[in-house]
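Numbering (my numbering), first residue to last: 1 to 338. Built from N, CA and C at the ideal position, the CB exists for glycine as well. Here the structure comes first, spelled out in C-alpha cells, and everything after it is commentary.
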C-alpha cells in the first residue's frame, strides 16, 4: 500500500482521502486552517467542508506541512487555484525526492495566465517528469460515498500516469491515462465558466434545449482555446472534457451552476461568492480565460458573457440575447484544420 499525502483539506481533498484510506493506503491530509485537524479528530468528520461523511481515525489531518509529507510516495495537490503558487512554494522543500505529485486542482492563475501545471513546474523542485494531473466528472460527495466515478490522469511521463492509476484505480474510481496535460487541465478549468452560464439558463427558465445548446457551444469554445494552446481536440470528447462539462452544467451539487442560477435570480456574483464556504472556481477562472482569449485571439462569446455578468454588472438575460443574435457561423470554425 502507498503512503499518500493530500495537500488541501477541502471537500474534494477530504473525499479523496476517505477513498484512498478505504483502499488500505496510509493517508495524511494537510489543512490550511489551523483548527480543522482538531475538529476532524473530535468529530470524526470534516464538519467544515464535507459534513456527514465519516473520517477513519487512521486518516490523519495536520496543519504542519512536514508532518504530512514525511516519507510520502504520492502527493495529491487539492487546493484552490488561487492558492496553488503559495502552497507549492510552502511544500517544495519538504516533498520527498522520489515522490510523485498529482494535481486535482482545476483553474488558471490570474496573474500569469498559467495552467496549474505551469505554476507547479515554476515553483516546485520536483522534476516535471514526476508530475501528473487528475480531472474528470467527480463530485466530492460521490467520491466519499464510494459511488462509481471515472477520472483521467494525464502526465508527460507515461510511467507516472500509470503509477498514479495503479495506486488509485478501483471498481469505484476508474482511472484512465492520457499524455495530454494541457487538454486535461484546460477542460477541467474552463468547464466551470460554462456551468455558470448553464446555471443562469436554469435560473431564467430558458429550458433544457437552451442548456444543451450552451453546453455544446461551450465545448466548442473550450476546444478552440485548447487547439491554440496545443491540446489534442480528442481530449475534449473524453472524461476531462465533455464528461466533466456535463456533470458541472447539470448537477445540483455544482457550485458553479448554483452561482449562475442565483445571479440570474437577482443576487450579485459577489453576494453568492461571499455566502459559499467552498470556492466556485469558474468565478475566479473567467478573468484569466477572458484575458487568455484576448491575448490569443480566440472567439469565446460564452466566456465573455459570463465575465460581463460577474465583473461588469451585466444582466444575464441581455447577455443571452446577445449570444442568440450573433452572426451566423460554421459549426466547427476554429476547431477543424483547414
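Item	Value
Can you give the Cα-Cα distance for residue 88 and residue 207, rounded to whole angstroms?	43 angstroms
Between residue 59 and the rest of its own chain, which residues show a CB-CB distance below 6 angstroms, the 5 nearest in sequence each way excluded?	17, 21 and 27
Using CA coordinates, which residue listed in 179, 138 and 163 is at the minimum distance from residue 381?	An answer regarding residue 381 cannot be provided, because it is not within the stretch 1 to 338 covered by the chain.
Three Cβ pairs or more, each shorter than 8 angstroms: is that satisfied between the stretch 215-231 and the stretch 293-307?	yes
Check each candidate in 266, 287, 335 and 259 and name the one with the smallest Cα separation from residue 274.	259
Look at the Cβ atom of residue 144, then the Cβ atom of residue 50, and state whether they are nearer than 8 angstroms.	yes
Given residue 63, which residues of its chain have a CB within under 7 angstroms of its CB, disregarding the five upstream and five downstream residues?	31, 34 and 37
Specify, as a first and last residue, the run of the alpha helix (DSSP H) that residue 79 falls within.	First-last for residue 79: undefined, no H or E at that position.
How would you write the range of the alpha helix (DSSP H) that residue 233 sits in, first residue to last?	Taken as a continuous stretch (DSSP letters only), residue 233 belongs to no alpha helix (DSSP H), as it is neither H nor E.
Decide if the stretch 165-179 is in contact with the stretch 283-296; the criterion is three or more beta carbon pairs, one per stretch, under 8 angstroms apart.	no
How should residue 326 be labelled, buried or exposed, when 16 other C-beta atoms within 10 angstroms of its C-beta is the threshold for buried?	exposed
Going by CA-CA distance only, name the one from 222, 14, 204 and 187 that's closest to residue 78.	14
Give the range of the alpha helix (DSSP H) segment to which residue 12 is assigned.	11-22
I'd like the list of long-range same chain contacts for residue 222, defined as Cβ closer than 8 angstroms, with 5 residues on each side in sequence excluded.	186, 187, 190, 191, 194, 236, 241 and 245
Rank 276, 125, 169 and 184 by C-alpha distance to the C-alpha of residue 136 and give the top, closest one.	184
Pull up the distance between the alpha-carbon of residue 141 and that of residue 98, whole angstroms please.	31 angstroms
Buried or exposed: which applies to residue 341, given that a residue is buried once 16 or more other Cβ atoms fall within 10 Å of its Cβ?	Nothing about residue 341 can be reported from this structure: the residues present for the chain run from 1 to 338 only.
Name the one or two DSSP bridge partners that residue 45 has.	54
Using only the alpha-carbon positions, how far apart do residue 313 and residue 226 sit?	28 angstroms
Provide the residue span of the beta strand (DSSP E) that contains residue 108, from first to last.	Run containing residue 108: none; DSSP gives neither H nor E here.
Are the Cβ atoms of residue 45 and residue 81 separated by less than 8 angstroms?	no
I need the DSSP call for residue 335, collapsed to helix, strand or coil.	coil
What does the Cβ neighbour count give for residue 315, buried or exposed, with the cut at 16 atoms within 10 Å?	exposed
Please classify residue 324 as buried or exposed, where buried requires at least 16 other C-beta atoms within 10 Å of its C-beta.	exposed
DSSP three-state label for residue 125, please.	coil
What's the gap between the Cα of residue 310 and the Cα of residue 24?	43 angstroms
Check the C-beta distance from residue 47 over to residue 29 and give it rounded, since I have them as a contact under 8 angstroms.	No, residue 47 and residue 29 are not in contact; Cβ-Cβ is about 14 angstroms, not under 8 angstroms.
Could you give the distance in angstroms between the alpha-carbon of residue 92 and the alpha-carbon of residue 328?	50 angstroms
Across which residues does DSSP place residue 153 in a beta bridge pair?	134 and 177
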